[in-house]
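Asks:
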Amino acid sequence: MTSLAELGVPTARRKPRGVPTRHHSWGVSGGVDPAVSVGIARLYQLDCVEGMRRLLPDDSVSVVVTSPPYNIGVKYASYQDARPRQEYLDWIERVAREIKRVLEPEGSFFLNVGNKPDDPWIAWDVANRLRQSIVLQNVISWVKSIAVEKEDLGHRSRITGDAAVGHYKPIRSPRFVNDCHEFIFQFTKSGRVPLDRLAVGVPYQDKSNVRRWKNSAEDRRCRGNTWFIPYSTIHSRAGQRPHPSTFPVKLPRMCVLLHGLSRTGLVLDPFAGIGTTAVACMQLGVPSVGFEIDDDYVAWAKDRLSEECGKANHTSAALHIADVGEEAQPVSHNTGEDNIVKMED
Ligand SMILES: C[S@@+](CC[C@H](N)C(=O)[O-])C[C@H]1O[C@@H](n2cnc3c(N)ncnc32)[C@H](O)[C@@H]1O
Numbered sequence: 064m065t066s067l068a069e070l071g072v073p074t075a076r077r078k079p080r081g082v083p084t085r086h087h088s089w090g091v092s093g094g095v096d097p098a099v100s101v102g103i104a105r106l107y108q109l110d111c112v113e114g115m116r117r118l119l120p121d122d123s124v125s126v127v128v129t130s131p132p133y134n135i136g137v138k139y140a141s142y143q144d145a146r147p148r149q150e151y152l153d154w155i156e157r158v159a160r161e162i163k164r165v166l167e168p169e170g171s172f173f174l175n176v177g178n179k180p181d182d183p184w185i186a187w188d189v190a191n192r193l194r195q196s197i198v199l200q201n202v203i204s205w206v207k208s209i210a211v212e213k214e215d216l217g218h219r220s221r222i223t224g225d226a227a228v229g230h231y232k233p234i235r236s237p238r239f240v241n242d243c244h245e246f247i248f249q250f251t252k253s254g255r256v257p258l259d260r261l262a263v264g265v266p267y268q269d270k271s272n273v274r275r276w277k278n279s280a281e282d283r284r285c286r287g288n289t290w291f292i293p294y295s296t297i298h299s300r301a302g303q304r305p306h307p308s309t310f311p312v313k314l315p316r317m318c319v320l321l322h323g324l325s326r327t328g329l330v331l332d333p334f335a336g337i338g339t340t341a342v343a344c345m346q347l348g349v350p351s352v353g354f355e356i357d358d359d360y361v362a363w364a365k366d367r368l369s370e371e372c373g374k375a376n377h378t379s380a381a382l383h384i385a386d387v388g389e390e391a392q393p394v395s396h397n398t399g400e401d402n403i404v405k406m407e408d
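According to my numbering, the sequence shown is numbered sequentially starting from 64.
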């Protein structure tokens, strides 16, 4: 196993906000070349368990943000996403044990998992399996689409009518309602890891609350455990999202911010896909490492990261989640979209 320094991963805590990010040398070691080495991001075309074992020392990762295959028959380029449930859970448990090994004592492991309508236990089966080895500290609902009626918004809302926002894949079945959310489980080693709740906080609706509550000197309160993160609208899957099951960049960004940017050294995504977590980390100025078995996805990740690296002001642009407009959505687009493919009827 190689040391973090050999990998080029900084072992000290991250610099304070606003300090320009140093781009690390990412020296190749351990006989494994990264398939992608762009700025502070590295991706390896490797099985994640093998990659973690070969490259990552114990207690070396501050935050893991990842979304594994859900075992629902998604057509990935390389991975076969349909296995007997027990075999799938055994595999997820092996991955999680390795994640636990590499996670710092005060680290956070954010695991995004969803269900499909005719198999609504998948996410809970996964969480329950991991329960034996790691503590479930928070359960967050990732809301992809929501409809809010004006009458429910209260008199202070500046929204003037009914709102229906976000994308989902409609189900044509009389048995099931459309599935518009997934889970983000935050696992930690102790269950007692402090969070930077206000880093993903929201402004008070009623501004008189700003000074009323102790500790609320700024106009920000905890957002809670429902996160509305819509997919951006795409016109061509092949050109714009060449992977059947990605999450929006905002999702890993919010996870890292919630864990605490100043406490974040290295971020890991063991199921890197087309590098969404790495893109988020680059925007935040945080080093990341990822593993992905498919060469096409790795190639797409490289292009995305190169483009992101070329953009100026990552760090300052990303310090406030609301400032980053990459996931901006038009309203009332929640029918007929086929850009969410994590569930099938
Ligand atoms: C749900 S996708 C992750 C997508 C990613 N979050 C993104 O936004 O691009 C799961 C990924 O895991 C990859 N994968 C499957 N088995 C793997 C393994 N053993 N090691 C590493 N990656 C694997 C698949 O090829 C797929 O791209």
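Here a beta-carbon is modelled for each residue, glycine too, at the ideal position from N, C-alpha and C.
As the structure is a computational prediction, the values presented were derived from the model and not from experiment.
Is the beta carbon of G338 within less than 7 Å of some heavy atom of ligand 1?
Replies: As a first step, residue 338 is located in the sequence shown; it is residue number 275 there, counting from the start. True, at least one ligand heavy atom lies under 7 Å from that Cβ.
Asks: Could you name the residues of the same chain whose beta carbon sits closer than 6 Å to that of Q249, not counting the 5 residues immediately before and after it, in chain order?
Replies: Reading the sequence shown from its first residue, position 186 is the one you call residue 249. The answer, listed in chain order, is S171, F173, Q200 and N201.
Asks: Sort V176, V126, L331 and R367 by Cα distance to F354 and report the nearest one.
Replies: In the sequence shown, counting from the first residue as 1, residue 354 sits at position 291. That would be L331, whose Cα lies nearest to the Cα of F354.
Asks: What does DSSP give as the partner residues of L166 in its beta bridges?
Replies: The residue you call residue 166 lines up with position 103 of the sequence shown. Bridge partners of L166: V124.
Asks: Looking at the structure shown, is N175 part of a helix, part of a strand, or coil, going by DSSP?
Replies: If you number the sequence shown from 1, residue 175 lands on position 112. It is a strand residue.
Asks: Taking the CB atoms as reference points, tell me whether V342 and R367 lie closer together than 8 Å.
Replies: On the sequence shown, residue 342 is found 279 positions in, with the first residue counted as 1. On the sequence shown, residue 367 is found 304 positions in, with the first residue counted as 1. Yes, they are a contact pair.
Asks: Check each candidate in M317, Y294, L324 and I185 and name the one with the smallest Cα separation from Q149.
Replies: The residue you call residue 149 lines up with position 86 of the sequence shown. Looking at the Cα atoms, I185 is the closest of the given residues.
Asks: If we count the other Cβ atoms within 10 Å of its Cβ and call it buried at 16 or more, is H218 buried or exposed?
Replies: Your numbering for residue 218 matches position 155 in the sequence shown. H218 comes out exposed.
Asks: Is the CB-CB distance between V256 and E169 below 8 Å?
Replies: Within the sequence shown, residue 256 is the residue found at index 193, counting from 1. Within the sequence shown, residue 169 is the residue found at index 106, counting from 1. A contact, by the Cβ cut-off of 8 Å.
Asks: Could you compute how far the alpha carbon of I34 sits from the alpha carbon of N288?
Replies: No information on residue 34 is available, as it lies outside the stretch 64 to 408 that the chain covers here.
Asks: Let's test the definition: count the other Cβ atoms within 10 Å of the Cβ of S369 and tell me whether it reaches 16, buried, or not, exposed.
Replies: As a working mapping, residue 369 is identified with position 306 in the sequence shown. So S369 ends up on the exposed side.
Asks: Assign L109 to one of three DSSP states: helix, strand, or coil.
Replies: Within the sequence shown, numbered from 1, the residue matching residue 109 stands at position 46. In the structure shown, L109 sits in coil (DSSP, three-state: anything other than H, G, I, E or B).
Asks: Helix, strand or coil: which one does DSSP assign to D259?
Replies: As a working mapping, residue 259 is identified with position 196 in the sequence shown. For D259, the three-state secondary structure derived from DSSP is coil.
Asks: From A335 to G102, what does the alpha carbon distance come to, in whole angstroms?
Replies: For this step, residue 335 is matched to residue 272 along the sequence shown. For this step, residue 102 is matched to residue 39 along the sequence shown. About 17 Å.
Asks: With a threshold of 8 Å, are at least 3 pairs of Cβ atoms found where one atom belongs to the region 238-246 and the other to the region 321-330?
Replies: no
Asks: Could you tell me whether any non-hydrogen atom of ligand 1 is closer than 7 Å to the CB of H306?
Replies: Counted from its first residue, the sequence shown places residue 306 at position 243. Under cutoff, so the answer is yes.
Asks: Does the beta-carbon distance from L166 to V127 come in below 8 Å?
Replies: Looking up residue 166 in the sequence shown gives position 103. Looking up residue 127 in the sequence shown gives position 64. Yes; because the gap between Cβ atoms is below 8 Å, this pair is in contact.
Asks: Please find out if some non-hydrogen atom of ligand 1 comes closer than 7 Å to the beta-carbon of Y139.
Replies: Numbered from 1 along the sequence shown, position 76 holds the residue referred to as residue 139. Because some heavy atom of ligand 1 lies under 7 Å away, the Cβ of Y139 counts as near it: yes.
Asks: On a CA-only basis, which of S351, M317 and F310 is nearest P132? Give me that one, please.
Replies: Locating residue 132 in the sequence shown gives position 69, counting from the first residue. Out of S351, M317 and F310, F310 has the C-alpha closest to the C-alpha of P132.
Asks: Does the distance between the C-beta of A335 and the nearest non-hydrogen atom of ligand 1 fall short of 7 Å?
Replies: In the sequence shown, counting from the first residue as 1, residue 335 sits at position 272. Within the cutoff, so yes.
Asks: Can you give the Cα-Cα distance for S220 and K374, rounded to whole angstroms?
Replies: One-based indexing of the sequence shown puts residue 220 at position 157. One-based indexing of the sequence shown puts residue 374 at position 311. Taking the straight line joining both Cα atoms gives about 35 Å.
Asks: Measure from the alpha carbon of V198 to the alpha carbon of each residue in P183, C243, P307 and S253, then state which is nearest.
Replies: For the purposes of this step, residue 198 is taken as residue 135 along the sequence shown, with counting starting at 1. The shortest Cα separation from V198 among P183, C243, P307 and S253 belongs to S253.
Asks: Taking the Cβ atom as the reference point for each residue, do I222 and L216 lie within a distance shorter than 8 Å?
Replies: As a position in the sequence shown, residue 222 is number 159, starting the count at 1. As a position in the sequence shown, residue 216 is number 153, starting the count at 1. Going by C-beta atoms, I222 is nearer than 8 Å to L216.
Asks: When the Cα atoms are used, what is the spatial distance from D282 to R260?
Replies: Start at 1 with the first residue of the sequence shown, and residue 282 comes out as number 219. Start at 1 with the first residue of the sequence shown, and residue 260 comes out as number 197. Using only the alpha carbons, I get a separation of about 13 Å.
Asks: How many whole angstroms separate the CB atoms of T129 and P333, which I take to be in contact at a CB cut-off of 8 Å?
Replies: Locating residue 129 in the sequence shown gives position 66, counting from the first residue. Locating residue 333 in the sequence shown gives position 270, counting from the first residue. About 5 Å separates the two Cβ atoms, so the contact holds.
Asks: Give me whichever residues DSSP pairs with V265 in a beta bridge.
Replies: On the sequence shown, position 202 is the one that residue 265 refers to. BP columns for V265 point to R284.
Asks: Might you give, ordered along the chain, the residues of its own chain that have their beta carbon closer than 6 Å to the beta carbon of C372, omitting 5 neighbours on each side?
Replies: Looking up residue 372 in the sequence shown gives position 309. Taken in chain order, the residues that qualify are V101 and G102.
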